[in-house]
Amino acid sequence: MSISLEKRAEKVGIVLAKRGLTKVPPVRVGCALDVSGSARGFYEGSNVMQETIDRLMAVAMKFDDNGELDAWLFHDGVLPRLPTITESDEGTYVNKVILKQRGLWGATNYAPVLKEVMDFYFGNGGSVAPVKKSMFGGLFGGKSATPAASATGTKQDPAMLLFITDGSNSDRSETERVLRAAEANSPVYFNMIGIGNPSYFDFIEEMADKLGNVGFTNLNDLSVSDDVLYDKIVNQEFVNWVKKYAA
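When we follow the numbering used here, the leftmost residue of the sequence shown carries the number 397, and every step to the right adds one.
Here is the structure:
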């Protein structure tokens, strides 16, 4: 592990301890990165997305058993899942992998990539399975505090998706359906990070207010300090959610 990555992982640990999580349970960690046209400047002619990926790796190292970060790109569609990000990709992943992909720089939809993530981690593609209200508080109810199980009742390892976007989406009803299905059926936390004008993210904020598996963080840009970034994304709501899976 590089010195910079080790120091960042230590900073994540400090935030977790401050939030009262001293025994960190295994959580699979993934990231979904916006490659719509408006986000192009994060990747070309700028190191900001590479630096962000390196910083997200430190979060994965605190939770994922293998210290790896699963990765997806999205715009109005979803591209094939990217190679898993590891320590050896520090400083190189954007140029080595992302900018070599075809079909970048589209419009913005959220649901296609969320379905891909759900299918990868839980094999359900965000589908809605029958759920008893007494167990989950109702499919369309308020925030749930109950750890989810699969539609078959099998306990699953939890997952967190770090979702980074700089714009609003055109598929709100379908995105809401996927997020609600995930809350009912699968142990996943969607950590939604909106970059730029907060008015772009009224829908994400609404989902975060309604659903216990969705968090929202607004940043003016991605160049905030490590301390600010980790304090925002490893927030108390996420820590409370993940504590349910601690032994």
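The C-beta atom is built at its ideal place from N, Cα and C for all residues, glycine as well.
What whole-angstrom Cβ distance do residue i and residue j have, given they're in contact under 8 Å?
{"i": "V630", "j": "V455", "result": "7 Å"}
{"i": "S555", "j": "V574", "result": "The sequence as given places Ala at residue 555; Ser does not occur at that position. That belief does not hold up - the Cβ atoms of A555 and V574 are roughly 14 Å apart, past 8 Å."}
{"i": "F634", "j": "M588", "result": "Contact doesn't hold; Cβ gap of about 11 Å is too wide."}
{"i": "M453", "j": "V490", "result": "Not a contact, Cβ separation roughly 13 Å."}
{"i": "G611", "j": "E579", "result": "Contact flag wrong, Cβ pair sits at about 12 Å."}
Mind checking residue i: buried by the 16 CB within 10 Å criterion, or exposed?
{"i": "R404", "result": "buried"}
{"i": "D598", "result": "exposed"}
{"i": "Y626", "result": "buried"}
{"i": "V474", "result": "buried"}
{"i": "T488", "result": "exposed"}
{"i": "S595", "result": "exposed"}
{"i": "S582", "result": "buried"}
{"i": "L412", "result": "buried"}
{"i": "E406", "result": "exposed"}
{"i": "A541", "result": "Bear in mind that a pLDDT of 36 at A541, under 50, signals an unreliable position, so the number given afterwards is only what the model happens to contain. Flag for A541 reads exposed."}
{"i": "G590", "result": "buried"}
{"i": "E402", "result": "exposed"}
{"i": "E623", "result": "A small fix is needed here, since residue 623 is Asp in this sequence, not Glu. Counting Cβ neighbours within 10 Å, D623 comes out exposed, since fewer than 16 surround it."}
State the DSSP-derived secondary structure class of residue i, mapped to helix, strand or coil.
{"i": "R436", "result": "helix"}
{"i": "L593", "result": "What sits at residue 593 in the sequence shown is Asn, not Leu. Note: N593 maps to coil in three-state DSSP."}
{"i": "V638", "result": "helix"}
{"i": "R573", "result": "helix"}
{"i": "P479", "result": "strand"}
{"i": "T548", "result": "Confidence in T548 is poor, its pLDDT being 34 and thus under 50, which makes the residue's placement unreliable; the coordinate value appears in the next sentence. T548 falls in the coil class under three-state DSSP."}
{"i": "N581", "result": "helix"}
{"i": "L417", "result": "coil"}
{"i": "T488", "result": "coil"}
{"i": "A503", "result": "coil"}
{"i": "G349", "result": "The first residue shown for the chain is 397 and the last is 643, placing residue 349 beyond what the model contains."}
{"i": "V624", "result": "helix"}
{"i": "D617", "result": "coil"}
{"i": "D598", "result": "helix"}
{"i": "D515", "result": "helix"}
{"i": "V493", "result": "coil"}
Measuring straight from C-alpha to C-alpha, what distance separates residue i and residue j?
{"i": "I399", "j": "L557", "result": "25 Å"}
{"i": "W468", "j": "P479", "result": "9 Å"}
{"i": "D567", "j": "V509", "result": "12 Å"}
{"i": "G499", "j": "S432", "result": "10 Å"}
{"i": "F586", "j": "D515", "result": "14 Å"}
{"i": "L465", "j": "D430", "result": "16 Å"}
{"i": "G592", "j": "K492", "result": "27 Å"}
{"i": "E570", "j": "T504", "result": "13 Å"}
{"i": "R451", "j": "S434", "result": "22 Å"}
{"i": "A507", "j": "R436", "result": "20 Å"}
{"i": "A642", "j": "E447", "result": "30 Å"}
{"i": "I449", "j": "A428", "result": "10 Å"}
{"i": "S564", "j": "N614", "result": "13 Å"}
{"i": "G416", "j": "K639", "result": "9 Å"}
{"i": "G409", "j": "E483", "result": "18 Å"}
{"i": "D472", "j": "G502", "result": "6 Å"}
Problem - Cβ pair count under 8 Å reaching 3, the stretch 411 to 430 against the stretch 450 to 464 - result: Taking 8 Å as the limit for Cβ pairs, the verdict is that the stretch 450 to 464 does touch the stretch 411 to 430.
Exercise for the section: Could you tell me whether the stretch 431 to 445 touches the stretch 601 to 611, using the rule of 3 or more Cβ pairs below 8 Å? Expected result: no
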